[in-house]
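Below is one structure, written out as structure tokens; the observations come after it.
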Amino acid sequence: MNKEEAQMIAFQLIGFAGDAFSFFYKAVEAAREGKMEEAEGLLAEGERQLTKAHNAQTELLTAEAQGKDVAYSIMLVHAQDHLMTTIMYERVAKEFILLYKEKMEG
């Protein structure tokens, strides 16, 4: 896999992870406002975007596992950082939503 191909995948990873993060953030905001159905919908969309990011990452991992050279770059490291940050924020967002839900139910 040449550098251009790896960077295209990195850009996809950054884009999908960034979109997922935004949906998770909006889900927490909705939950804080008591809009639980909206929060759940936003969370679900974030999960769909995160799956797309994982698929992009899997493409890179598969290429390397098959013995293909994957051209590493700072962009690729940056993409992985975005993915890991989003995965962590997804977990935090789910906990916040649960806390807001419990608070509202009394």
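Per the numbering used here, the very first residue in the sequence shown carries number 1154; after that it's consecutive.
Positions of the beta carbon are idealized from the N, C-alpha and C atoms, including for glycine.
Pick out whichever of F1249, M1237, E1243, E1255 has its Cα sitting closest to the Cα of L1166.
M1237
For the structure I just gave you, are there three or more beta carbon pairs, one from the segment 1154-1166 and one from the segment 1222-1238, closer than 8 Å?
yes
Contact under 8 Å by Cβ, V1181 with I1250
yes
I need the straight-line Cα distance from V1245 to R1201, nearest angstrom please.
17 Å
Check whether the segment 1159-1178 and the segment 1207-1217 are in contact - that is, three or more C-beta pairs closer than 8 Å.
yes
Where E1258 falls, given that 16 or more other Cβ within 10 Å makes a residue buried:
exposed
E1243 vs L1214 beta-carbon contact at 8 Å:
Not in contact: E1243 and L1214 (Cβ atoms no closer than 8 Å).
Nearest candidate by alpha-carbon position, reference E1198, set G1187, Q1219, Q1233, A1170
A1170
M1189 and K1254 closer than 8 Å at C-beta
yes
Excluding the five sequence neighbours on either side, which residues of its own chain have a C-beta within less than 8 Å of the C-beta of A1183, listed in chain order?
Closer than 8 Å at the Cβ level, and outside the excluded window around A1183, lie M1189, E1191, A1192, L1195.
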